[in-house]
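Residue numbers (the working numbering): 248 to 647. Only one structure is covered here, and it is reproduced in the block below.
Here's what the structure looks like:
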């Protein structure tokens with residue numbers, strides 16, 4: 248997904264390949280999303296599959312027309328891509344929280360959204376705020392267990408003046424064709440619209456409204472069980488969302504000692520929705536590029552600091568991993584902890600540090616050359632505030 252996004256950002260920004268499409272950087276970003284299934288063979292397979300056939304939920308870009316449709320790649324299991332009928336179901340009362348004015352900037356440290364309600368059958372939650380490879384935005388999602396066939400609920404909050412576009416489908420910049428549109432009941436006191444898309448032969452429903460004047464919000468639903476009404480799910484999710492501009496994103500540890508020339512551009516947290524899930528991840532990303540630079544340029548050279556649970560292998564986890572590895576084999580120690588350190592001679596590559604079992608966590612730091620001082624990733628690790636770290640940490644993405 249990150250490879251495809253970075254390639255598309257290159258096209259839109261008219262950058263040279265070396266400035267935006269950094270395959271190693273993209274793979275590092277991919278490991279942030281799927282750190283638990285990392286292996287060389289799997290990584291190469293992901294690149295090959297993702298560039299050829301990728302489906303991405305709504306992205307933050309300026310509005311324009313949709314691109315030509317692409318041939319269906321799969322059967323539509325729970326819908327027939329039929330035009331939308333008038334909605335006559337119930338609409339729950341809205342949560343009273345609101346954002347009074349359209350966001351002009353996105354602060355990665357702010358928890359702008361939380362779910363107040365979700366239907367059964369989802370496995371994971373994720374939240375991301377700040378710069379993506381395509382622009383500023385906030386994304387909150389609940390998804391099923393299959394990362395290759397996304398189904399679930401996603402919420403996107405757009406900054407002032409940015410209008411949602413159709414979901415991206417196969418190709419660098421092809422957009423899903425519209426099947427139908429229909430008026431929706433008011434959402435949180437604002438007029439709303441249903442739009443149904445054909446995303447590679449499957450239904451994707453978008454519910455859009457303005458959370459503040461000139462500020463759009465969108466709930467996307469791709470059903471995952473037979474008999475679900477995507478419109479009912481979208482309305483219920485939208486009405487029960489919790490908005491805020493003062494709550495802070497909860498992280499398992501705090502990053503200290505980052506050089507002053509680096510700017511926080513993105514924060515991401517992910518975690519299980521089910522009680523028996525153990526995979527969670529938290530990541531912050533820093534860039535030396537100014538906020539006026541294109542999103543792809545800001546992402547091209549970064550310092551990334553990520554946290555995940557340190558897991559002692561059991562038969563259950565071994566079966567779940569299905570032969571894949573969790574961590575690079577340790578080749579050194581740092582502060583008494585086993586660690587993997589990679590300092591390639593090529594100055595364009597990343598310096599990498601992965602430290603195991605630090606207060607029940609794995610700490611990973613990836614840094615492009617020249618962004619840290621002479622102590623590099625090891626020096627930054629020693630400056631982290633890890634006092635709050637624990638293996639059973641979970642992101643706080645649902646209303647209590």
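Glycine included, every Cβ here is placed at the ideal spot set by N, Cα and C.
Handout entry: Cut-off 8 Å between Cβ atoms - residues of its own chain near residue 637, not counting five sequence neighbours on either side
Key = In the chain shown, counting from the first residue as 1, residue 637 sits at position 390. Cβ neighbours of residue 637 within its own chain (closer than 8 Å, five residues either side excluded): 499, 606, 607 and 608.
Problem - Rounded C-alpha distance that separates residue 503 from residue 614 - result: Counted from its first residue, the chain shown places residue 503 at position 256. Counted from its first residue, the chain shown places residue 614 at position 367. Straight through space, the alpha carbons of residue 614 and residue 503 are spaced by roughly 15 Å.
Handout entry: Start-to-end residues for the alpha helix (DSSP H) that takes in residue 568
Key = Walking along the chain shown from the start, residue 568 turns up at place 321. The continuous alpha helix (DSSP H) containing residue 568 extends over residues 562-568.
Problem - Burial state of residue 517 (16 or more Cβ within 10 Å) - result: Taking the chain shown and counting its residues from 1, the one referred to as residue 517 is at position 270. It counts as buried.
Exercise for the section: Tell me whether residue 617 sits in a helix, a strand or coil according to DSSP, three-state version. Expected result: Position 370 of the chain shown, counting from 1, holds the residue named residue 617. In the displayed model, residue 617 falls within coil according to three-state DSSP, outside both helix and strand.
Problem - Local conformation of residue 525 per DSSP, three classes - result: For this step, residue 525 is matched to residue 278 along the chain shown. In the displayed model, residue 525 falls within coil according to three-state DSSP, outside both helix and strand.
Practice task
Could you tell me if residue 398 is buried or exposed, where buried requires 16 or more neighbouring beta carbons within 10 angstroms of its beta carbon?
Solution key: Position 151 of the chain shown, counting from 1, holds the residue named residue 398. Buried: at least 16 other Cβ atoms inside 10 Å.
Exercise for the section: Look at the alpha carbon of residue 490 and the alpha carbon of residue 594, and state the distance between them as a whole number of angstroms. Expected result: On the chain shown, residue 490 is found 243 positions in, with the first residue counted as 1. On the chain shown, residue 594 is found 347 positions in, with the first residue counted as 1. Straight-line Cα distance between these residues: approximately 43 Å.
Practice task
Check whether the Cβ of residue 564 sits closer than 7 Å to any heavy atom of the ligand HEM, and report yes or no.
Solution key: Only the bare structure without any ligand can be found here, which leaves the ligand HEM out of the picture.
Practice task
May I ask you to report which of helix, strand or coil DSSP gives residue 189?
Solution key: The structure shown does not extend to residue 189, since the chain is modelled only from 248 to 647, so the question has no answer here.
Practice task
Report the residue from 627, 482, 550 and 371 whose alpha carbon sits nearest the alpha carbon of residue 522.
Solution key: Along the chain shown, read from residue 1 onward, the residue named residue 522 stands at position 275. Nearest C-alpha to residue 522: 371.
Exercise for the section: For the beta strand (DSSP E) holding residue 456, just list the boundary residues, first then last. Expected result: Translated into the one-based positions of the chain shown, residue 456 becomes position 209. Per DSSP, residue 456 is one residue of the beta strand (DSSP E) stretching across 449-459.
Handout entry: Between the CA atoms of residue 618 and residue 505 - distance to the nearest angstrom
Key = Walking along the chain shown from the start, residue 505 turns up at place 258. Walking along the chain shown from the start, residue 618 turns up at place 371. Near 9 Å, if we compare the C-alpha coordinates of residue 618 and residue 505.
Exercise for the section: Would you list, in sequence order, the uninterrupted beta strand (DSSP E) runs of no fewer than 3 residues that lie entirely inside the stretch 414-448? Expected result: Taking 3 residues as the minimum length, the beta strand (DSSP E) runs contained wholly in the stretch 414-448 are 425-434 and 437-446, in order along the chain.
Problem - Counted within 10 angstroms of its Cβ, other Cβ atoms place residue 282 as buried (16 or more) or exposed - result: Position 35 of the chain shown, counting from 1, holds the residue named residue 282. Any reading at residue 282 must be qualified, since the residue scores a pLDDT of 31, below 50, and its modelled position is unreliable; the value itself is stated next. Under this definition residue 282 is a buried residue.
Problem - residue 469 versus residue 446 - alpha carbon distance - result: Taking the first residue of the chain shown as position 1, residue 469 is located at position 222. Taking the first residue of the chain shown as position 1, residue 446 is located at position 199. One C-alpha to the other measures close to 10 Å.
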